[in-house]
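Data first, discussion second: the structure below is written as structure tokens.
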Amino acid sequence: MHSFRSATASIALLGVLASLAPALGAQKLARKYFEDSHNGYRVKPLGEFIIVPPKPEDVERGYIAKMSGKENYVHTAGGDDVAVKPGLDILRFGDELKGEVEEGRSQSTERKAIEGYLDRIYKGLNPKKPLIDEQKKIKSLMARHRRWEAKTPRFNIKQFVDLWTFELNDADIHLVYRVHDKKSKKYLKVFAKSAKTFSEIKRTESAELGEASSYAELLSFHEEDAFRIPGWRALPTDSEKFIIKTSSENRKFIKEVITRLEKSRLLYEKDFPPPPGFDHVSIVRICGTEEEFHQYGGTGGGVAGWFNPRTTELVLYDAVSLDRNMTYAVMSHEAFHQYCHFLFEESEAHRWFDEGHGDYYGGVKFKGRKSEVTSKMPAGLNRLSVIKDMVRNGTYKPLEDHLNYDHGEWQGQGPSPVSCYAQSWSIIYMLRQGTLGKVNRRVWKKEYARIIPAYVTTLADGFAEAYAELLEEREADALGDERELTEEEKHINRNDLAAGQKEEIWTKAIEASWGEIDLQEFEANWVTYIEEHLK
2 MHSFRSATAS IALLGVLASL APALGAQKLA RKYFEDSHNG YRVKPLGEFI IVPPKPEDVE
62 RGYIAKMSGK ENYVHTAGGD DVAVKPGLDI LRFGDELKGE VEEGRSQSTE RKAIEGYLDR
122 IYKGLNPKKP LIDEQKKIKS LMARHRRWEA KTPRFNIKQF VDLWTFELND ADIHLVYRVH
182 DKKSKKYLKV FAKSAKTFSE IKRTESAELG EASSYAELLS FHEEDAFRIP GWRALPTDSE
242 KFIIKTSSEN RKFIKEVITR LEKSRLLYEK DFPPPPGFDH VSIVRICGTE EEFHQYGGTG
302 GGVAGWFNPR TTELVLYDAV SLDRNMTYAV MSHEAFHQYC HFLFEESEAH RWFDEGHGDY
362 YGGVKFKGRK SEVTSKMPAG LNRLSVIKDM VRNGTYKPLE DHLNYDHGEW QGQGPSPVSC
422 YAQSWSIIYM LRQGTLGKVN RRVWKKEYAR IIPAYVTTLA DGFAEAYAEL LEEREADALG
482 DERELTEEEK HINRNDLAAG QKEEIWTKAI EASWGEIDLQ EFEANWVTYI EEHLK
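So the sequence shown is numbered by my numbering: it starts at 2 and just counts up by one.
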């Protein structure tokens with residue numbers, strides 16, 4: 002279970018981007034500039050390059066834009082044909098305050114060096130030993146041009162990293178081009194042409210969001226942010242509980258997604274009522290294509306959507322070429338994680354509870370104004386057949402083990418990668434349906450209805466108490482130093498707790514919920530439910 006605690010949101014803004022012209026063919030520049038008026042520059046990328054928004058965590062690392070070109074297939078020594086794309090990352094490393102403020106003196110600043118980024122991202126690259134290191138005058142600016150050999154993270158394919166650095170008044174702008182060895186001759190020439198189009202432009206100011214921003218202010222902010230990326234826009238929802246950022250041109254599909262999001266939220270709120278004044282807004286990003294989705298997230302096949310607890314963003318794509326119902330099921334699953342992230346102050350549940358509920362809501366069906374959670378999910382996500390096979394073959398894990406697994410143990414329980422999901426889903430499905438009076442009385446006892454409420458209450462209270470204790474400690478330390486806590490120090494989440502503290506909270510939650518249950522009897526009833534009643 003994930004959650005969100007309100008804090009000042011400050012997103013590094015990209016500046017207004019000119020739309021990029023369609024590709025003129027390989028190794029040619031775009032007709033129009035990529036413009037970043039927030040940071041005061043523009044540059045022409047390659048015409049074949051497409052741009053996706055940087056993820057929020059990438060923005061924090063200094064990314065302004067990510068671009069990539071057409072796939073080129075490279076035959077590796079192992080006999081694989083691997084797709085490798087040329088690309089361009091644009092980064093900004095600005096002035097940062099350095100050290101403590103001394104009375105009567107202004108605080109000094111420094112700029113982060115690009116070498117740390119290069120060493121982290123590119124395999125086999127030695128930042129101290131470039132193949133080229135030269136100064137080039139481009140218009141009225143001096144640029145430092147460096148080039149290295151490196152290898153791709155997978156398959157060790159040789160590539161060149163071509164870096165052009167422009168030192169502006171308040172920041173260094175880095176153009177980091179890359180291309181694999183066999184296409185380098187032509188691409189490196191056009192990379193130089195691209196870098197030489199770099200010039201300064203007039204800057205525009207961008208607003209920051211505060212803690213008490215209204216929905217209208219949030220929407221305006223995200224509309225401006227989305228518009229900077231060609232083809233993207235931000236949309237409101239009637240409930241004012243979501244803001245949709247999308248590149249999909251299928252308005253009927255987007256309308257259906259919004260409808261399902263709104264109805265799914267009502268289900269979550271019925272099962273997990275929010276407190277008075279709960280008004281957090283969820284950001285949902287919907288990529289128009291699977292390629293754009295994977296390029297945005299850096300994911301591969303098999304991923305249909307995700308919720309990022311660090312950035313609180315839910316990311317999906319329109320799986321129309323496969324099965325659009327998969328998009329809807331993943332949306333309801335991940336939107337549950339997003340809701341709990343806001344609701345439970347970043348507490349962390351056992352996976353049986355967290356993922357079991359996600360899959361439970363993934364089976365929701367909507368008929369008009371009515372919604373019903375079913376045992377059926379789209380092909381590829383369906384848990385019903387998996388758990389029936391597990392029970393039939395005796396490959397499920399004893400419930401005492403499954404319920405107490407930590408995240409790693411749960412993920413690796415086997416026998417297949419989805420077995421853990423299927424077993425957790427079936428437990429939650431039985432508990433939820435039984436509470437609604439939809440489980441046969443031969444396998445249902447009234448005390449089972451208390452399991453989920455007791456677990457949630459004990460877990461939430463345990464994390465809240467731990468957060469309060471840690472905040473009190475920090476306030477005492479700050480008082481001793483005669484200073485006030487920063488907003489960052491006030492923001493406490495599960496990652497600030499010691500492993501032992503989390504384990505203690507988990508143990509108490511299990512004891513409060515399952516401790517009064519005859520677990521062997523429950524397991525026998527659960528098996529019978531799956532064999533005879535779960536359809």
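Note that beta-carbon positions come from the ideal geometry of N, C-alpha and C, so glycine has one too.
- Our two residues, Lys56 and Gly232, have alpha carbons roughly 16 Å apart in a direct line.
- Nearest to Leu176 by C-alpha distance, out of Lys203, Phe94 and Asp226, is Phe94.
- In the displayed model, Gly48 falls within coil according to three-state DSSP, outside both helix and strand.
- When DSSP states are grouped into helix, strand and coil, Gly357 belongs to the helix group.
- For the options Arg112, Ser200, Lys159 and Arg325, the alpha carbon positioned closest to that of Lys140 is the one of Ser200.
- For Ser185, the enclosing alpha helix (DSSP H) starts and ends at Ser185 to Ala196.
- The residue from Val44, His39 and Lys67 with its alpha-carbon nearest to that of Ile51 is Lys67.
- Closest in C-alpha terms to Arg112, from the list Asp173, Val162 and Asn441, comes Asp173.
- Looking at Lys366, Gln28, Ala151 and Glu517, the one whose alpha-carbon comes closest to that of Met327 is Lys366.
- Excluding sequence positions up to five before and after Phe156, its CB lies within less than 6 Å of the CB of Thr77 and Val83, all in the same chain and listed in chain order.
- Listed in chain order, the beta strand (DSSP E) elements of length 3 or more contained wholly in the stretch 474-515 amount to none.
- Distances from the alpha-carbon of His351 to those of Asp182, Thr375, Asn73 and Thr459 put Thr459 closest.
- Judged by DSSP in its simplified three-state form, Met143 adopts strand.
- 7 Å or more divides the Cβ of His403 from the Cβ of Gln434.
- Along the length of the stretch 353-428, whole alpha helix (DSSP H) runs at least 4 residues long occupy 385-394, 400-405 and 408-412, reported in chain order.
- The Cβ atoms of Ser376 and Leu382 do not sit closer than 7 Å to each other.
- Under a 10 Å Cβ-count criterion, Gly363 is classified as buried, with 16 or more other Cβ atoms of the shown protein chains found around its own Cβ.
- For His342, there is no enclosing beta strand (DSSP E); the enclosing alpha helix (DSSP H) covers residues Arg325 to Leu344.
- For Trp445, the three-state secondary structure derived from DSSP is coil.
- With fewer than 16 other Cβ atoms inside 10 Å of its own Cβ, Asn170 counts as exposed.
- For Gly278 and Leu344, the gap between their C-alpha atoms comes out near 11 Å.
- Here Phe464 carries a helix assignment [DSSP, helix/strand/coil].
- According to the DSSP assignment, Leu262 belongs to the alpha helix (DSSP H) that extends over Arg252 to Asp272.
- Taking the C-beta atoms as reference points, Gly359 is found nearer than 7 Å to His334.
- In this structure, Gly289 is the residue among Gly41, Gly289, Asp182 and Asp134 with its C-alpha nearest to the C-alpha of Phe254.
- Note on Pro310: 16 or more other CB atoms within 10 angstroms of its CB, so buried under the neighbour-count rule.
- The residue from Glu505, Pro399, Val285 and Pro276 with its alpha-carbon nearest to that of Pro237 is Val285.
- By the criterion of a C-beta distance shorter than 6 Å, Met332 is surrounded in its chain by Leu317, once the five residues flanking it on both sides are discounted.
- In this structure, DSSP gives Tyr318 an extended state, which the three-state scheme calls strand.
- Within the model, the alpha-carbon separation for Lys491 versus Ser348 is close to 16 Å.
- Collapsing the DSSP output to three states places His281 in coil.
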